[in-house]
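Residue numbers (the working numbering): 7 to 150.
Idealized CB from N, CA, C, for every residue including glycine.
Report on the following structure.
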Amino acid sequence: MAAVRTDRIIAAPAADVWARIADVGAISTWFPSFVSSRLDGDGHRRIALTTGVELDEEIVFVDPIARRLRYHIVGGMPIVASHQATVDVIAVDAERCAVVYSTDVEPAPLAFILGGVIEEALGELDDQVTAAAVAAPAAASGGG
(Lines of atoms letter the chains of each structure in order from A and count residues from 1; the text may use other names and numbers.)
(Lines give C-alpha, C1' and ligand atoms only; values in the text may rest on other atoms or scores of the structure.)
Protein backbone atom coordinates (compact mmCIF):
# COMPACT_ATOMS: atom_id res chain seq x y z
CA MET A 1 0.00 0.00 0.00
CA ALA A 2 1.17 3.52 -0.75
CA ALA A 3 0.11 6.82 0.70
CA VAL A 4 -0.11 10.15 -1.04
CA ARG A 5 -0.94 13.47 0.59
CA THR A 6 -1.71 16.60 -1.35
CA ASP A 7 -2.36 19.92 0.34
CA ARG A 8 -3.14 23.45 -0.69
CA ILE A 9 -3.69 26.77 1.02
CA ILE A 10 -6.83 28.41 -0.36
CA ALA A 11 -7.59 32.12 0.06
CA ALA A 12 -11.16 31.57 1.20
CA PRO A 13 -12.81 30.88 4.55
CA ALA A 14 -12.77 27.25 5.69
CA ALA A 15 -16.58 27.20 5.85
CA ASP A 16 -16.85 28.13 2.16
CA VAL A 17 -14.38 25.48 1.05
CA TRP A 18 -15.92 22.87 3.34
CA ALA A 19 -19.36 23.56 1.83
CA ARG A 20 -18.04 22.48 -1.58
CA ILE A 21 -16.31 19.36 -0.26
CA ALA A 22 -19.20 18.34 2.01
CA ASP A 23 -21.54 18.40 -1.00
CA VAL A 24 -20.23 14.92 -1.81
CA GLY A 25 -22.61 14.31 -4.68
CA ALA A 26 -21.26 17.34 -6.54
CA ILE A 27 -17.56 16.42 -6.56
CA SER A 28 -17.56 16.46 -10.37
CA THR A 29 -18.02 20.25 -10.28
CA TRP A 30 -14.44 20.68 -9.03
CA PHE A 31 -12.73 17.41 -10.03
CA PRO A 32 -11.78 17.90 -13.71
CA SER A 33 -11.35 14.17 -14.46
CA PHE A 34 -14.97 13.48 -13.39
CA VAL A 35 -17.74 13.88 -15.95
CA SER A 36 -20.58 13.44 -13.47
CA SER A 37 -21.24 12.45 -9.89
CA ARG A 38 -24.21 11.71 -7.71
CA LEU A 39 -24.91 10.53 -4.21
CA ASP A 40 -27.24 7.57 -3.89
CA GLY A 41 -29.47 7.04 -0.89
CA ASP A 42 -27.35 4.09 0.25
CA GLY A 43 -24.32 6.24 1.15
CA HIS A 44 -22.58 5.52 -2.13
CA ARG A 45 -21.29 8.05 -4.58
CA ARG A 46 -21.34 7.16 -8.28
CA ILE A 47 -18.76 8.88 -10.45
CA ALA A 48 -18.27 8.79 -14.21
CA LEU A 49 -14.69 9.50 -15.26
CA THR A 50 -13.57 11.16 -18.49
CA THR A 51 -12.09 7.75 -19.42
CA GLY A 52 -15.56 6.15 -19.38
CA VAL A 53 -14.92 4.24 -16.14
CA GLU A 54 -17.68 4.43 -13.54
CA LEU A 55 -16.59 4.35 -9.91
CA ASP A 56 -18.61 3.31 -6.89
CA GLU A 57 -17.43 4.95 -3.68
CA GLU A 58 -18.72 4.44 -0.17
CA ILE A 59 -18.92 7.60 1.90
CA VAL A 60 -17.60 6.53 5.30
CA PHE A 61 -18.39 9.81 7.05
CA VAL A 62 -18.85 13.53 6.60
CA ASP A 63 -17.94 15.35 9.83
CA PRO A 64 -19.00 19.02 9.73
CA ILE A 65 -17.40 19.78 13.12
CA ALA A 66 -13.93 18.50 12.17
CA ARG A 67 -14.53 19.42 8.50
CA ARG A 68 -13.42 15.94 7.51
CA LEU A 69 -14.67 13.63 4.76
CA ARG A 70 -13.66 9.99 4.42
CA TYR A 71 -14.56 7.66 1.56
CA HIS A 72 -13.22 4.65 -0.29
CA ILE A 73 -13.57 3.09 -3.71
CA VAL A 74 -15.63 -0.10 -3.53
CA GLY A 75 -16.26 -0.85 -7.20
CA GLY A 76 -15.84 0.05 -10.83
CA MET A 77 -12.06 -0.10 -10.97
CA PRO A 78 -10.84 -3.69 -10.65
CA ILE A 79 -7.19 -2.62 -10.57
CA VAL A 80 -7.78 -0.95 -7.19
CA ALA A 81 -7.24 -3.56 -4.48
CA SER A 82 -7.68 -1.09 -1.63
CA HIS A 83 -8.41 2.63 -1.41
CA GLN A 84 -9.27 5.07 1.35
CA ALA A 85 -9.22 8.85 1.15
CA THR A 86 -9.61 11.55 3.78
CA VAL A 87 -10.13 15.22 3.03
CA ASP A 88 -9.60 17.76 5.81
CA VAL A 89 -10.35 21.50 5.67
CA ILE A 90 -8.39 23.38 8.33
CA ALA A 91 -8.82 27.09 9.03
CA VAL A 92 -5.53 29.00 8.84
CA ASP A 93 -7.22 32.29 9.71
CA ALA A 94 -10.58 33.91 8.96
CA GLU A 95 -9.83 34.25 5.23
CA ARG A 96 -7.63 31.22 4.42
CA CYS A 97 -7.71 27.49 4.92
CA ALA A 98 -5.64 24.42 4.17
CA VAL A 99 -7.14 21.50 2.33
CA VAL A 100 -5.31 18.25 3.04
CA TYR A 101 -6.26 15.31 0.80
CA SER A 102 -4.73 12.02 2.00
CA THR A 103 -5.10 8.74 0.13
CA ASP A 104 -3.95 5.21 0.84
CA VAL A 105 -4.08 2.98 -2.21
CA GLU A 106 -3.03 -0.48 -3.39
CA PRO A 107 -1.42 -1.21 -5.79
CA ALA A 108 1.22 1.33 -4.85
CA PRO A 109 1.88 2.75 -8.36
CA LEU A 110 -1.63 4.22 -8.38
CA ALA A 111 -0.53 6.71 -5.70
CA PHE A 112 1.52 8.59 -8.29
CA ILE A 113 -1.46 8.84 -10.66
CA LEU A 114 -3.91 9.81 -7.93
CA GLY A 115 -1.53 12.46 -6.61
CA GLY A 116 -1.60 14.28 -9.95
CA VAL A 117 -5.36 13.97 -10.34
CA ILE A 118 -5.95 15.28 -6.81
CA GLU A 119 -3.50 18.16 -7.31
CA GLU A 120 -5.44 19.19 -10.41
CA ALA A 121 -8.75 18.95 -8.50
CA LEU A 122 -7.49 21.08 -5.61
CA GLY A 123 -6.37 23.68 -8.13
CA GLU A 124 -9.86 23.76 -9.64
CA LEU A 125 -11.45 23.95 -6.18
CA ASP A 126 -9.11 26.83 -5.31
CA ASP A 127 -10.01 28.67 -8.53
CA GLN A 128 -13.74 28.26 -7.92
CA VAL A 129 -13.89 29.32 -4.27
CA THR A 130 -11.41 32.15 -4.78
CA ALA A 131 -13.45 33.48 -7.71
CA ALA A 132 -16.64 33.19 -5.64
CA ALA A 133 -15.00 35.05 -2.72
CA VAL A 134 -13.94 37.87 -5.06
CA ALA A 135 -17.33 38.02 -6.79
CA ALA A 136 -19.40 38.12 -3.58
CA PRO A 137 -18.24 41.58 -2.36
CA ALA A 138 -18.52 43.01 -5.88
CA ALA A 139 -22.09 41.71 -6.21
CA ALA A 140 -23.00 42.99 -2.75
CA SER A 141 -21.76 46.47 -3.64
CA GLY A 142 -23.52 46.44 -6.99
CA GLY A 143 -20.28 46.26 -8.92
CA GLY A 144 -20.58 42.69 -10.19
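As a quick exercise: from the options, pick the residue whose alpha carbon is nearest that of residue i.
i, options, result
"threonine 136", "Thr92, Arg14 and Val111", "Arg14"
"leucine 61", "Val106, Val41, Gly82 and His78", "Gly82"
"glycine 121", "Ser34, Asp29 and Ser39", "Ser39"
"phenylalanine 67", "Ala28, Pro84 and Asp99", "Ala28"
"leucine 45", "Cys103, Ile65 and Val98", "Ile65"
"alanine 21", "Phe118, Ala100 and Gly58", "Ala100"
"valine 23", "Val106, Ala54, Thr57 and Ala117", "Val106"
Evaluate residue i with the Cβ neighbour count: other Cβ atoms within 10 Å of its Cβ, from every protein chain shown; 16 or more gives buried, anything less gives exposed.
i, result
"alanine 141", "exposed"
"threonine 12", "buried"
"aspartate 48", "exposed"
"serine 43", "buried"
"glutamate 63", "buried"
"alanine 91", "buried"
"threonine 109", "buried"
"isoleucine 79", "buried"
"proline 19", "buried"
"aspartate 94", "buried"
So what does residue i bridge to, in DSSP terms?
i, result
"arginine 74", "Asp69 and Asp94"
"alanine 88", "Just to set this straight, residue 88 is serine in the shown sequence, not alanine. Serine 88 pairs with Glu112."
"serine 42", "Ala54"
"isoleucine 79", "Glu63"
"valine 105", "Arg14 and Val95"
To which residues of the same chain is residue i closer than 8 Å at the C-beta, ignoring the five residues directly before and after it?
i, result
"tryptophan 36", "Arg26, Ala127, Glu130, Leu131 and Gln134"
"methionine 7", "Ser88, Asp110, Val111, Glu112 and Ala114"
Which same chain residues end up closer than 6 Å to residue i when comparing Cβ atoms and leaving out the 5 residues on each side of it in sequence?
i, result
"valine 86", "Ile79"
"alanine 9", "Asp110"
"serine 34", "Phe40, Ser42 and Ser43"
Any beta carbon of chain B sitting closer than 9 Å to that of residue i?
i, result
"proline 70", "Although the question refers to chain B, the structure presented lacks it and comprises just one protein chain."
Among residues of its own chain, excluding the 5 on either side of residue i, which ones have a beta-carbon nearer than 7 Å to its beta-carbon?
i, result
"glutamate 125", "Thr12"
Entirely within the region 7-34 and at least 4 residues each: give me those alpha helix (DSSP H) ranges in chain order. Complete alpha helix (DSSP H) runs here, min 4: 20-28.
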